[in-house]
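Here's the structure, in structure tokens; my notes come after.
Residue numbers (the working numbering): -11 to 324.
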């Protein structure tokens, strides 16, 4: 009887895994070919929007110190086919939103991008403040996607729903100031699953997606299947390890290895931090040449990093507070 039970359980698990794999393959199959001056595109969940598989990270682009050069880099990214722009209320105390707003206000660039920024509030009042600040800085009357930022701590999901932050998001959407609502986080798939269990139809979910993730606190194995079944758009980030791209050079990995792997997962878009025009050109070239990875190549890549990925040493953002934003550490009483 026990053997029969285990066999049945194994069958159910295998069937679920097969179903998830089929959904992932279906999404990847919907990738459009890159045009002469474009990038491959994918549907963003059930939103009806198609986004470029490569997204521009709003925090890193401000590392270009010269304002004119920074704006020129963002314009070039759009001209090369990137239509997904990422930002957050707290990035460099608002400077990242401000420079992006200046870039998008010129020559109709705002109409060419799907603009996402993040709400750092956990209650109604701060959420509304974040919204109005972001709209002003980004010089726009609406945000295409507003995501709760850094759902990293066990009580974050409860706070969002019990303290009025979700009410603020719903009011913003009703007022036409926000089109879609999602959340982000980089700590633990268990916390993402808690957020997904709340009584809300999320449009998107942002999480670490990289070649190391499969072996440690895996968002790909635990969260993406839930999102696919519910047609929630998956947004990946930290594809190079976060921050300064710690994966590069480690275990012989290149930026191309890491990005090709990320593009080959069922993300709608992989957000990448780019700090120069040259980096934008390089990553655009990788995205433009994207083709599905042969199964054997993908398996070999995962096997290559398994030994060092299993303890999370290259994904310190999952285990260390130093990778969490100052605003959120302060909210939870951690040192900043």
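All C-beta atoms in this analysis are idealised placements derived from N, C-alpha and C, irrespective of residue type, glycine included. Small disclaimer: the values here were computed from a predicted structure and weren't measured.
Distance CB(residue i)-CB(residue j) smaller than 9 Å
i	j	result
residue 223	residue 256	yes
residue 41	residue 251	yes
residue 137	residue 186	no
residue 164	residue 129	yes
residue 220	residue 192	yes
residue 134	residue 168	yes
residue 125	residue 183	no
residue 295	residue 205	no
residue 12	residue 216	yes
residue 17	residue 50	no
residue 268	residue 139	no
residue 225	residue 260	yes
residue 73	residue 116	no
residue 320	residue 141	yes
Rounded distance between the beta-carbons of residue j and residue i, thought under 8 Å
i	j	result
residue 75	residue 85	5 Å
residue 262	residue 48	6 Å
residue 27	residue 276	6 Å
residue 325	residue 177	Since the first residue shown for the chain is -11 and the last is 324, residue 325 is missing from the structure and cannot be characterised.
residue 233	residue 305	Contact flag wrong, Cβ pair sits at about 13 Å.
residue 100	residue 66	5 Å
Residue i to residue j span [Cα, whole Å]
i	j	result
residue 300	residue 118	33 Å
residue 318	residue 111	14 Å
residue 179	residue 145	8 Å
residue 227	residue 20	21 Å
residue 63	residue 175	32 Å
residue 311	residue 52	21 Å
residue 189	residue 248	30 Å
residue 289	residue 151	44 Å
residue 153	residue 292	42 Å
residue 114	residue 33	28 Å
residue 246	residue 283	15 Å
residue 387	residue 264	Residue 387 lies beyond the stretch modelled for the chain, which goes from -11 to 324, so this question has no answer here.
residue 0	residue 253	For residue 0, the pLDDT reaches just 45, beneath the cut-off of 50, and the residue's location in the model is therefore unreliable, although a value from the coordinates is still provided. One C-alpha to the other measures close to 23 Å.
residue 313	residue 90	24 Å
residue 218	residue 242	33 Å
residue 93	residue 239	42 Å
Per DSSP, the bridge partner or partners of residue i
i	result
residue 193	171 and 222
residue 323	Residue 323 pairs with nothing; no bridge assigned.
residue 31	38
residue 166	131
residue 259	43
residue 111	152
Item to complete: Can you check the segment 130 to 163 for any beta strand (DSSP E) of at least 3 residues that lies completely inside it and give the ranges in chain order?
Response: Unbroken beta strand (DSSP E) runs of no fewer than 3 residues, entirely contained in the segment 130 to 163, are found at 131 to 136, following chain order.
Item to complete: Go through the segment 59 to 94 residue by residue and report every complete run of the alpha helix (DSSP H) that reaches 4 residues or more, in order.
Response: Runs of alpha helix (DSSP H) with 4 or more residues, each lying fully within the segment 59 to 94, are found at 83 to 93, listed in chain order.
Worksheet item: Which runs of the alpha helix (DSSP H) fall wholly inside the segment 260 to 300 and span at least 4 residues, in chain order?
Response: Complete alpha helix (DSSP H) runs here, min 4: 265 to 276 and 283 to 297.
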